[in-house]
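Data block below; observations after.
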Amino acid sequence: MTALVTAELRKVLTLRFWWALALAPLVVAVFAGSIYAALADGLDPLDTELSTGAVSVGLVVAIAWAVLFAGIFGAVNAGTEFRHQTLTPTFLTTRGRDPVLAAKLAVTALFGLGYAVAVELVAVACMVVFGGDRFSVTPAILGMLANGVLATVAWSLIGAGLGLLFASPTAAAITLVAWYPVGELITIAILSGIGAGSIGPWLPGAVTWSTVVSAAGEVDGFAPWPAAVIALIAWTAVAAGLGWWATRRRDVT
117 MTALVTAELR KVLTLRFWWA LALAPLVVAV FAGSIYAALA DGLDPLDTEL STGAVSVGLV
177 VAIAWAVLFA GIFGAVNAGT EFRHQTLTPT FLTTRGRDPV LAAKLAVTAL FGLGYAVAVE
237 LVAVACMVVF GGDRFSVTPA ILGMLANGVL ATVAWSLIGA GLGLLFASPT AAAITLVAWY
297 PVGELITIAI LSGIGAGSIG PWLPGAVTWS TVVSAAGEVD GFAPWPAAVI ALIAWTAVAA
357 GLGWWATRRR DVT
């Protein structure tokens with residue numbers, strides 16, 4: 117198993133997409149952390165509660181982008197092997213497909229963790245520099261950072277599951293980009309229109325934000341802690357499980 121994980125790491129590190137995909141969320145972390153922290157510092161004389169909330173918004177924005185691009189990384193990392201037909205020799209030289217898939221998902225989760233930590237460190241550093249006295253590392257902030265790591269790792273695995281399921285990095289990445297910022301909002305609006313609005317808070321994106329913001333306390337319209345975390349893990353297990361199952365059954369040439 118160690119050899120397979122090492123091989124997967126080498127596959128990723130020899131290509132450029134892993135750091136290219138990390139650039140966008142890092143840039144957003146710089147701007148979001150700086151702008152919202154500076155805004156919070158400017159609001160300080162007016163409203164302490166409002167200024168504290170502005171700091172948190174910057175962190176949430178940074179985590180949002182880390183989640184999206186970790187998902188795209190997972191989709192590309194898992195789906196590219198089908199495009200270039202590199203899974204065939206790997207499967208042929210390994211005892212079964214399960215160890216290969218386990219190693220691929222483990223490495224994907226590791227990079228998702230790296231995306232989250234890098235983005236959050238940059239965002240927090242900018243908040244410290246530009247936030248003045250309005251930013252401090254409170255238990256709520258620490259909880260939000262930890263939950264952000266969990267959410268980012270989860271979405272990297274969701275992306276990998278879709279990449280395996282569709283056997284295509286393009287289809288999986290487009291699905292993520294279409295669903296994450298817009299598709300889920302449209303779905304929630306439709307569900308509300310037909311009287312099924314109670315389902316909305318339990319969709320993948322909604323439970324992700326419920327997980328991230330739950331460190332600051334319960335928010336109206338969001339799933340409560342720890343049910344949101346359980347739901348996010350369940351969505352991750354479904355996506356990764358479907359991709360695993362499809363790859364085990366698929367003829368790979």
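Position 154 of the sequence shown, counted from 1, bears residue number 270 in the working numbering, the numbering being contiguous throughout. Cβ coordinates follow ideal geometry from the N, Cα and C atoms, glycine included.
Handout entry: Pairwise C-alpha distance: residue 197 and residue 181
Key = Cα to Cα, residue 181 sits roughly 25 Å from residue 197.
Exercise for the section: Using three-state DSSP, classify residue 146 as helix, strand or coil. Expected result: DSSP places residue 146 in helix when its eight states are reduced to three.
Practice task
With a floor of 4 residues, list each alpha helix (DSSP H) that falls wholly inside the region 260-285, ordered by position along the chain.
Solution key: Whole alpha helix (DSSP H) segments, 4+ residues: zero.
Exercise for the section: Quick one: grab the DSSP three-state call for residue 309. Expected result: Per DSSP, reduced to three states, the secondary structure at residue 309 is helical.
Practice task
Compute the Euclidean distance between the alpha carbons of residue 136 and residue 311, then round it to the nearest angstrom.
Solution key: Rounded to the nearest angstrom, the two C-alpha atoms are 42 Å apart.
Practice task
Just tell me which of 236, 192, 230, 134 has its CA closest to the CA of residue 145.
Solution key: Out of 236, 192, 230, 134, 236 has the C-alpha closest to the C-alpha of residue 145.
Handout entry: Spatial distance of residue 348 from residue 284 (CA atoms)
Key = A straight-line Cα-Cα distance of about 24 Å links residue 348 and residue 284.
Practice task
Going by CA-CA distance only, name the one from 338, 361, 280 that's closest to residue 319.
Solution key: Checked all of 338, 361, 280; the closest Cα to residue 319 is 338.
Handout entry: Contacting residues, own chain, Cβ-Cβ under 8 Å from residue 184 (five flanking each side not counted)
Key = Closer than 8 Å at the Cβ level, and outside the excluded window around residue 184, lie 141, 271, 292, 293, 296, 297.
Practice task
Could you tell me whether the region 221-229 touches the region 300-310, where touching means 3 or more Cβ pairs closer than 8 Å?
Solution key: Cβ pair count under 8 Å is below three, so no.
Practice task
Express the C-alpha separation of residue 219 and residue 121 in angstroms, rounding to a whole number.
Solution key: Residue 121 and residue 219: Cα-Cα distance of roughly 5 Å.
Handout entry: Helix, strand or coil at residue 320 according to DSSP, with G and I counted as helix
Key = In this structure, residue 320 counts as helix in the three-state DSSP scheme.
Problem - Residue span of the alpha helix (DSSP H) that contains residue 315, given as start and end - result: In the DSSP annotation of this structure, residue 315 is not part of any alpha helix (DSSP H), being labelled neither H nor E.
Handout entry: Cα-Cα separation, residue 261 to residue 189
Key = Across the structure, residue 261 and residue 189 are spaced so that their CA atoms are roughly 20 Å apart.
Practice task
Assign residue 339 to one of three DSSP states: helix, strand, or coil.
Solution key: Residue 339 falls in the coil class under three-state DSSP.
Problem - Proximal residues to residue 352 (C-beta, below 6 Å), its chain only, five neighbours per side dropped - result: Within the same chain, residue 352 has close Cβ partners 270, 273, 274.
Problem - Where residue 348 falls: helix, strand or coil (DSSP) - result: Helix at residue 348.
Handout entry: Beta carbon of residue 264 nearer than 8 Å to that of residue 151
Key = Contact check for residue 264 against residue 151 fails: the beta carbons are separated by 8 Å or more.
Exercise for the section: Could you check if residue 172 is buried or exposed, using at least 16 other CB atoms within 10 Å of its CB as the buried criterion? Expected result: Note on residue 172: 16 or more other CB atoms within 10 angstroms of its CB, so buried under the neighbour-count rule.
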